[in-house]
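Student: Which chain is which? The protein sequence lines are A and B, in order. First residue of the first sequence? That's 1 in the numbering used here, and the numbers climb one at a time after it. First residue of the second sequence? That's 1001 in the numbering used here, and the numbers climb one at a time after it. Cβ coordinates follow ideal geometry from the N, Cα and C atoms, glycine included. Since the structure is predicted, the reported quantities are computational estimates derived from the model, not experimental observations.
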Amino acid sequence: MLGNRPWKMAVGATAIALLAAGCSGGGSEDSDSEANSVIIGIAEPQHLIPSNTTETGGAQVLNALFTPLVDFDEQSKPVEVAAESITSDDNKVWTVKLKSGYTFHNGEPVTSDSYINAWNYGAYGPNGQGASYFYERIDGYADLQSKDPDGEDGPQKAPEPKAKTLTGLKKVDDTTFTVTLSAPFAGWESVMGYTAFLPLPNAAFSAPGVIADGFEDTIVGNGPFKIKGTWEHDQQIVVEKYADFKGTAAKVDGVNFKIYQDPKAEYADLVAGNLDVQGTIPIESLASAPTDLGDRFQKSPSSSFAFVGFPLFQNEYKDVNVRRALSMAVNRQEMTDQIFLGSQTPATGFVSPAVAGYRPDTCGANCEYNAAEAKKLWDAATTKPQTIKIAYNADGNHKAWVDAMCNQIKASLGVECAGAPEPKFADLLNKVEKKEPVGLIRLGWVMDYPLMENYLGPLYGTGGSSNYYGYSNPTFDNLVKEGSAAATTEEAIAKWQQAEDILAKDMPVIPLRYGQNVYGFSEKVKNVKVDTFTKVDVTTIELAS
Amino acid sequence: MFRYIVRRLLQMVLTFFGATFLVFALTFANQDDPIQALAGERPITENLRQTLMERYHLDEPFLVQYWYYMKGLLTGDFGTSLTGRKIIDMMETAWPITIKLGLMAIIIAATIAVTAGVISGIRRGSIFDNATLVVTLIILSLPIVVLAPLAQLVFGIQLKWFPPTATVNASLFDLLLPALVLGSLVIATELRVTRSAVAENLRSDYVRTARAKGLSRKRVIGVHVLRNSLIPVVTLIGVDIGGLMSGAIVTERIFNVPGVGFNLARGIGTEDGPLVVGFVSILVIIFLVVNLLVDLLYAALDPRIRYE
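(1) Measuring straight from C-alpha to C-alpha, what distance separates Leu1147 of chain B and Ala1265 of chain B?
(2) Of the residues that make up the stretch 228–248 of chain A, which ones have a beta carbon closer than 9 Å to any beta carbon in chain B?
(3) Measuring only the C-alpha atoms, how far is Ile1035 of chain B from Tyr392 of chain A?
(4) Thinking just about the alpha-carbon of each residue, which of A:Ser352, A:Thr165 and A:Asp217 is nearest to the one in Leu62 of chain A?
(5) What residue ranges within the stretch 251–302 of chain A form continuous alpha helix (DSSP H) runs of no fewer than 4 residues, ordered along the chain?
(6) Taking the continuous beta strand (DSSP E) assigned at Ile42 of chain A, which residues delimit it?
(7) Going by the DSSP bridge assignment, what does Pro511 of chain A pair with across the sheet?
(8) Three or more C-beta pairs closer than 8 Å, one from the stretch 1183–1194 of chain B and one from the stretch 1236–1255 of chain B: is that the case here?
(9) Run down chain A in chain order and give the residues with a C-beta less than 9 Å from the C-beta of Ala1037 of chain B.
(10) How about Ile281 of chain A and Gly520 of chain A: are their beta carbons less than 7 Å apart?
(11) List the residues of chain B whose Cβ lies closer than 7 Å to the Cβ of Val271 of chain A, in chain order.
(12) List, in order along the chain, the chain A residues whose C-beta lies closer than 8 Å to that of Val1168 of chain B?
(13) I need the straight-line Cα distance from Gly229 of chain A to Leu1230 of chain B, nearest angstrom please.
(14) Find out if the Cβ-Cβ distance for the pair Gly221 of chain A, Leu440 of chain A is shorter than 7 Å.
(15) So which residues on chain B does Leu429 of chain A lean against when the C-beta distance must stay under 8 Å?
(16) So, does the CB of Ser206 of chain A fall closer than 7 Å to a CB anywhere in chain B?
(17) Could you check what DSSP says for Val1280 of chain B in three-state terms: helix, strand or coil?
(18) Assuming Gly139 of chain A is part of the alpha helix (DSSP H), what are its boundary residues?
(19) Can you give me the C-alpha to C-alpha distance between Val1198 of chain B and Leu1191 of chain B, rounded to a whole angstrom?
(20) Closer than 8 Å, Cβ to any Cβ of chain A: which residues of the stretch 1049–1066 of chain B, in chain order?
(21) Mind checking if Gly58 of chain A is an interface residue toward chain B, Cβ cutoff 7 Å exclusive?
(22) My guess is that Pro346 of chain A and Arg332 of chain A are in contact by the Cβ rule of under 8 Å, so how many angstroms apart are they, rounded?
(23) Apart from the five residues on each side of it in sequence, which residues of its chain come closer than 6 Å, Cβ to Cβ, to Arg1304 of chain B?
(24) Which of helix, strand or coil does DSSP assign to Leu333 of chain A?
(25) Put Gly1121 of chain B into one of helix, strand or coil per three-state DSSP.
(26) At which residues does the alpha helix (DSSP H) containing Tyr121 of chain A begin and terminate?
(27) Quick one: complete alpha helix (DSSP H) runs, 4+ long, within the stretch 64–103 of chain A?
(28) Is there contact here, the stretch 200–209 of chain A with the stretch 76–96 of chain A, by at least three beta-carbon pairs under 8 Å?
(29) Taking 6 Å as the line, does the beta carbon of Phe1262 of chain B fall inside it for any heavy atom of the ligand ATP?
(30) Please say whether Tyr469 of chain A and Gly309 of chain A have beta carbons closer to each other than 7 Å?
(31) Val355 of chain A and Pro508 of chain A - do their beta-carbons sit closer together than 7 Å?
(32) Would you list, in chain order, the members of the stretch 106–139 of chain A that have their beta-carbon closer than 9 Å to a beta-carbon of chain B?
(33) Compute the Euclidean distance between the alpha carbons of Gly1238 of chain B and Ala1113 of chain B, then round it to the nearest angstrom.
(34) Count the other C-beta atoms from every protein chain shown that fall within 10 angstroms of the C-beta of Trp1067 of chain B, then say buried if there are 16 or more, exposed otherwise.
(35) Confirm, please, whether the CB-CB distance from Pro1143 of chain B to Gly1156 of chain B is below 7 Å.
(36) With burial defined as no fewer than 16 other Cβ atoms inside 10 Å of the residue's Cβ, what is the status of Phe1002 of chain B: buried or exposed?
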């Protein structure tokens, strides 16, 4: 057979195979030895084409590679960056004038066409871009979509949309273009701060309306950094300073966006000194973070808003006093202190503090813990649920606080309460959409642009995209609409605030917590800022010594 | 021998198709709403859902989807993941690192297990034997979801002996800690099996004969006992490869190794059928080939076994 020492052969063979495997890897240590660069942890982006980027990992990278038309100041007011001016007389036709001199990393000048082509691509339905709904307000959006005649399960394919370009986008000259909205919207300038409104160079397209193969992996932007090499999937995206950048230059020469699948692994690297910045420290590591990091563990406001929706399609929850009682039965302070270790703060309103026009305490007594009053309201109510269920998705770390909330409700109202886990968020949504009696629904929201409208419309408006519980109040809808159509943002905010006051009376949801960015950084860096979108500011970060 | 191998290879083809069909059916059954799973909690517009469902054939019935997939697979096209990446590209980066990790784990585990197993088999009841019994019991009772983060915390962060995470370009040293953790999954059983086989064989007739012939103790144990004791251990190692690959899902996630387990975990999380099936198909092939090799190794270890 194989000689009389066969296992030696076997061991030898595996050793050789191992050596070969060992030799094939390795050998690229020198690529990231830039002296003046920092390492920032991210999750693997799903996409890097701006109109398809909807999660934080991708947005963080785009933030380094691109310069947006507008950015936001401390008060969440828009500030022009790549735009020279953005003006409108009627809030319907907006004129965008670009700063001259900006170029893409391949040398192409940034022109009106760079924006118009990118937005047309993003809005065209068959391209299936994740952020396409951002262009909804632009005139002609509907003509770029097509409806499947027999629903998504039917055999027929959707016909080709009527148009390929938005009628609302018009080029005036190389540095000026107009955006016509289908209805006036006072906050449009803020909307254009989102990544979906970034430009793309001509090099991005292999034919009009077709993104070139492989462009996404070596994406070319107009920002302070350009991509070095290609996107190394699941490993890293390395960017280096773009010498011809016309805006405020960054203080570091390069950034290495290191990709992590598990934030706990990312935290381990941060503590071990292999990583410079982690934008979101996982909740499991929060207890040890203050000792591990000292004053390099910091917090800043974020836009996330956690709440629980009432299934308003169920009769038991139609009585507003039942809803008020449940809201008052919850001790938010105890929840944020005990479970979230102070990484979140109790919610006292229906929009996040990150938006302009936020007022503290709009919810008033209805969001204050008051067990006695809650019990009184509960006992007085005639139609009320016999037991309370709180439905949540089991894959999202919600069990601890849902159970705690249930215990608080039990203690305050003396009613049975239990958490009802669903495997995934999609399972939960399916049940809610079929109007099954799932009980209270755990939900959350992160803003797309810092306007009150971005909370009021999707969450509480009739038919809002995230209004799964079916709240509908015509007066509220009108106020939101009037605010959107107002002449100035101040007037808009006034209307939106009135709308929020209605929510405080109707209590369609239980506001629970405002999120915060809990981030940490290494001893190597200083001046680390994380904005309300949970993005690390790559222009202000610098090396400590 | 040759006919045996051909017969086994033909069986493998059938097993492969059966296995991929099962895996495809399972991922299909698990799929409620992959588009929503991909978007997380963000609401999706009707238009976007419709476009993506059509692009990835998610609107088709099960058999049609399977047909599309197999058609691609037979022409060497593993398809694209739901984020639009070519699965073959993902495999090219994922497989080498996982194979490296798996081999290291097997070699570490087998070396320690066989050495310690033989020693404790010879010196039954000694301090060494009892100590290994306690240590293996402890390791057996610790699931990998506990062991891996614990090892990372103690050896990676507190003692700083090893880097706490590894990447695609990791050196053998970077992978040592994950490999040790992964190897500990199987080390305990391999050690116990070696020990009992050695203990049993020491009492057998041929060992007494060998000793009576006047052979040295080294030769009796090194050749006669060890060779016969390795048969069950080799079987075990072959079966363990499957266990190691599933253990890799946890280990690779914790140590941030972007290998097969890492991609499988992601694919299952986002209900990405083509991604899961693609990786599992290769896993099936590896498992089948390894088992064939193990069966052939039997013949090498035990001259009484002949394949026709």
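Tutor: According to the data block:
(1) 19 Å
(2) Glu232, His233, Asp234, Gln235 and Gln236
(3) 19 Å
(4) A:Asp217
(5) 263–272 and 289–293
(6) Ser37 to Ile42
(7) A:Phe307
(8) yes
(9) Lys424, Phe425 and Ala426
(10) yes
(11) Ile1157
(12) Gly25, Glu232, Asp234 and Gln235
(13) 49 Å
(14) no
(15) Asp1033 and Gln1036
(16) no
(17) helix
(18) Contrary to the premise, residue 139 of chain A reads as Asp rather than Gly in this sequence. No alpha helix (DSSP H) contains Asp139 of chain A, which DSSP labels as neither H nor E.
(19) 11 Å
(20) Arg1049, Gln1050, Thr1051, Leu1052, Met1053, Glu1054, Arg1055 and Asp1059
(21) no
(22) 3 Å
(23) none
(24) In the sequence as displayed, the identity of residue 333 of chain A is Gln instead of Leu. Gln333 of chain A falls in the helix class under three-state DSSP.
(25) helix
(26) Ser112 to Ala123
(27) none
(28) no
(29) The ligand ATP is not part of this structure, which contains no ligands at all.
(30) yes
(31) no
(32) Gly125, Pro126, Asn127, Gly128, Gln129, Gly130, Ser132, Tyr133 and Glu136
(33) 15 Å
(34) exposed
(35) no
(36) exposed
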